[in-house]
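In what follows, a single structure is set out as structure tokens and then discussed.
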Amino acid sequence: MSSTQLIQAAVNQGNPLDLMEQLAVQNEWLFDRAGEDEMHLSFPGQTEDHHFSINWRHDVETLQLSAQLEVKVPKPKRAEVAALINIINEQLWLGHFEMWPDSGQIIFRHGLLLRGAMCVPEQCEGLIDAALEACDRYYSAFQFVIWAGKSASEAAAAVVYQCQGSA
């Protein structure tokens, strides 16, 4: 069966995680299907390895992606990182960052409401792309606050200008 046929079969089944699984296979990403409604993806990114948890909620017909950054904020830096998260979230069109209060873990969340509609490959790719773009773009801002001692506004300003291309 071709990759196009596999994706079409996943679309027809109605569970968007089946489609996400096929995208993972196509892209040779590491994944674990933890159940009918949950899966985990891992793959390298520009700044760090990405670890995504993707959940399907039948009751609200929503696909939610949570991307865990490999950053844990020390307690003395949490207030400044919280201020940075507020600045960043004001700039994001899709999804948001949050910090877990107990552990200082930073995550990015984004949901895709599918009420009454079937999920298509482009929607799954868009969900992943939005998370990748946000995580890769703002990872260094979190590092600037945590390790370089920059203020939230300094760190946010440092990542406003995106470089085109790579060295």
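Be aware that the sequence shown starts at 938, since it is given in this note's numbering, and climbs by one per residue. The beta-carbon is built from N, C-alpha and C at its ideal position, and this holds for glycine as well.
Terminal residues of the alpha helix (DSSP H) in which residue i lies
i: residue 1027; result: 1015-1028
i: residue 993; result: Element bounds for residue 993: not the alpha helix (DSSP H) but the beta strand (DSSP E), 986-994.
Proximity to residue i [Cα-Cα], best of the options
i: residue 1012; options: 1040, 1075, 1057; result: 1040
i: residue 1002; options: 952, 1068, 980; result: 1068
i: residue 1029; options: 996, 987, 1075, 1007; result: 1075
i: residue 954; options: 1083, 1057, 1077, 1085; result: 1057
i: residue 993; options: 983, 1089, 1061; result: 1061
i: residue 970; options: 1070, 1010, 952, 1093; result: 952
i: residue 1066; options: 1085, 1046, 1084, 1054; result: 1046
i: residue 1031; options: 1070, 1055, 1008, 985; result: 1070
i: residue 983; options: 1049, 1091, 1077; result: 1077
i: residue 990; options: 1064, 1055, 1026; result: 1064
i: residue 1093; options: 1059, 1026, 988; result: 1026
Chain-order list of residues whose beta-carbon lies under 7 Å from that of residue i (same chain, five-residue window excluded)
i: residue 968; result: 958, 961, 976, 977, 978
i: residue 1089; result: 1017, 1020, 1021, 1024, 1082
i: residue 1014; result: 1082, 1083
Range covered by the beta strand (DSSP E) that runs through residue i
i: residue 960; result: No beta strand (DSSP E) contains residue 960, which is instead part of the alpha helix (DSSP H) from 953-964.
i: residue 1088; result: Unbroken run through residue 1088: none, as it is neither H nor E.
Rounded Cβ spacing between residue i and residue j (contact assumed at less than 8 Å)
i: residue 1095; j: residue 1079; result: Contact flag wrong, Cβ pair sits at about 11 Å.
i: residue 1051; j: residue 998; result: 5 Å
i: residue 1072; j: residue 1000; result: That pair is no contact at about 18 Å.
i: residue 1010; j: residue 1043; result: 7 Å
8 Å CB neighbourhood of residue i in its chain, flanking five on each side removed
i: residue 996; result: none
Same chain only: Cβ atoms within 6 Å of residue i, ignoring 5 sequence neighbours per side
i: residue 947; result: Its pLDDT being 42, under 50, residue 947 is placed unreliably in this model, and the coordinates cannot settle the point.
i: residue 966; result: 978, 980
i: residue 1048; result: 999, 1001
i: residue 1087; result: 1081
Stretch-stretch touch, CB-based, cutoff 8 Å, three pairs: the stretch 1027-1039 with the stretch 972-980: At 8 Å Cβ cutoff, the stretches do not touch.
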